[in-house]
Amino acid sequence: MSSLIVATSWSSDAEEIEKYRDLVKRMERALGEENVVTLQTLNDLGIMLKATGEYEEAKEIHERSLAGSMKVLREDHKETLESLNNLGNVYGKLKNYEKDLEYNERALKGYERLLGKFYPITLGTVMNIALIYHGGLKDYEKAEALYQKALEGYEAQFGKDHEKTKRCATNFAVCFAQAGKKQTLRAVLDEWPHILIKVPPIKSYL
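Residues in the sequence shown are numbered from 126 upward in steps of one, following the working numbering.
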């Protein structure tokens, strides 16, 4: 969902979160619980709660935001798809990787229909799903296929020297290393000799 937060002007401390809780209540009274701006503010509160480790409350908030978006908009609306991603990522923090996978896969299908397979947000969601299989479910075969898909997309869209392409290649190599596939790992290292040491893997693109 299009965040109302300006990244350089907010802090995820208890006081700021309490202000957002109060803001949500006031907007619900003034605009209604299903108003799009109210839902955006609710989404922002969920993001802040996740950032401070309040995962259970963040999950509840994102569930409310998603339910509202599904009712007011539609599942293929960009803001609803972002709510699916946000909720899935919170489940990942709670180590419920099956739910994390479920919501991210729903988001991916929507992004592919709405934006196409090579749009940056679509590729980022492919990466998120690869990371769920890789770090959460330890299914390296599925993770490898998704990393390959994302890497091909990033190379096509941005080229080999873009930061996201490099990081995708890093995660791809780490997956091969953890799966014990030394020959395949060597092939990736040969293709990306100056990248994998300098750019650390990331947990999420969204």
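Every residue gets a Cβ at the ideal spot worked out from N, C-alpha and C, and that includes glycine.
Cut-off 8 angstroms between Cβ atoms - residues of its own chain near PHE297, not counting five sequence neighbours on either side: Counting from 1 along the sequence shown, the entry for residue 297 is found at position 172. Excluding positions up to five away in sequence, the list reads GLU269, TYR272, GLN273, LEU276, VAL313.
Could you check the C-alpha separation between GLY260 and CYS293 for me, to the nearest Å? Counting from one through the sequence shown, the residue named residue 260 turns up at place 135. Counting from one through the sequence shown, the residue named residue 293 turns up at place 168. C-alpha separation (whole angstroms): 14 angstroms.
Rounded to the nearest angstrom, how far is the Cβ of TYR228 from that of LEU248, given a contact under 8 angstroms? For the purposes of this step, residue 228 is taken as the residue at position 103 of the sequence shown. For the purposes of this step, residue 248 is taken as the residue at position 123 of the sequence shown. Not really, about 17 angstroms apart at Cβ, beyond 8 angstroms.
Alpha carbon to alpha carbon, how far is LYS150 from GLY250? Give it in angstroms, no decimals. Taking the first residue of the sequence shown as 1, we reach residue 250 at position 125. Taking the first residue of the sequence shown as 1, we reach residue 150 at position 25. A small correction: the amino acid at residue 250 is Thr; Gly does not occupy that position in the sequence shown. Whole-angstrom Cα-Cα distance: 31 angstroms.
Should the segment 169-177 be called in touch with the segment 150-161, which here means at least 3 C-beta pairs below 8 angstroms? The segment 169-177, when compared against the segment 150-161, does not touch it at the 8 angstroms Cβ threshold.
How many angstroms separate the CA atom of THR205 from the CA atom of ASN160? To locate residue 205, count along the sequence shown from 1; it is residue 80. To locate residue 160, count along the sequence shown from 1; it is residue 35. The alpha-carbon of THR205 is positioned some 13 angstroms away from that of ASN160.
Boundaries of the alpha helix (DSSP H) in which GLU159 is found, first to last residue: On the sequence shown, residue 159 is found 34 positions in, with the first residue counted as 1. It is not in any alpha helix (DSSP H) - GLU159 carries neither H nor E in the DSSP assignment.
Local Cβ density within 10 Å of GLY193, reported as buried at 16 or more and exposed below that: In the sequence shown, counting from the first residue as 1, residue 193 sits at position 68. With 16 or more Cβ atoms within 10 Å of its Cβ, GLY193 is classed as buried.
Buried/exposed call for SER127, threshold 16 Cβ in 10 Å: Residue 127 sits at position 2 when you count from the first residue of the sequence shown. Low confidence applies to SER127: its pLDDT is 47, below 50, so where it sits in the model is not reliable enough to give any reading.
Short of 6 angstroms in beta carbon distance, which residues of its chain neighbour MET152, apart from the five on each side in sequence? Order them along the chain. As a working note, residue 152 is residue 27 in the sequence shown. These residues qualify, in order along the chain: THR163, THR166.
Beta-carbon separation (whole angstroms), GLY278 vs LYS242, contact threshold 8 angstroms: Locating residue 278 in the sequence shown gives position 153, where the first residue counts as 1. Locating residue 242 in the sequence shown gives position 117, where the first residue counts as 1. That pair is a contact at about 7 angstroms.
Exposed unless 16 or more other CB atoms sit within 10 angstroms - verdict on LYS289: Counting from one through the sequence shown, the residue named residue 289 turns up at place 164. Buried, because 16 or more other Cβ atoms sit within 10 Å of the Cβ of LYS289.
Can you tell me whether DSSP reads ALA304 as helix, strand or coil? Counting from 1 along the sequence shown, the entry for residue 304 is found at position 179. Note: ALA304 maps to coil in three-state DSSP.
May I have the straight-line CA-CA distance separating GLU200 from ILE246, to the nearest angstrom? Here residue 200 is taken as the residue at index 75 of the sequence shown, counted from 1. Here residue 246 is taken as the residue at index 121 of the sequence shown, counted from 1. Cα to Cα, the separation comes out at about 16 angstroms.
Going by C-alpha distance, which of LYS234, LEU239, ARG238, TYR180 is nearest ASN211? Translated into positions along the sequence shown, residue 211 becomes position 86. When only C-alpha atoms are compared, the closest one is TYR180.
Within 10 angstroms of its Cβ, does LYS307 collect 16 or more other Cβ (buried), or is it exposed? Indexing the sequence shown from 1 puts residue 307 at position 182. For LYS307, the number of other beta carbons within 10 angstroms of its own is below 16, and it is reported as exposed.
From which residue to which residue does the alpha helix (DSSP H) around ASP225 run? Residue numbering aside, residue 225 sits at position 100 when the sequence shown is read from its first letter. It spans 222-239 - the alpha helix (DSSP H) in which ASP225 sits, taken as one unbroken run.
Of all the alpha helix (DSSP H) runs that stay within the bounds of the segment 262-291, which reach a length of 4 or more residues? Runs found: 265-283.
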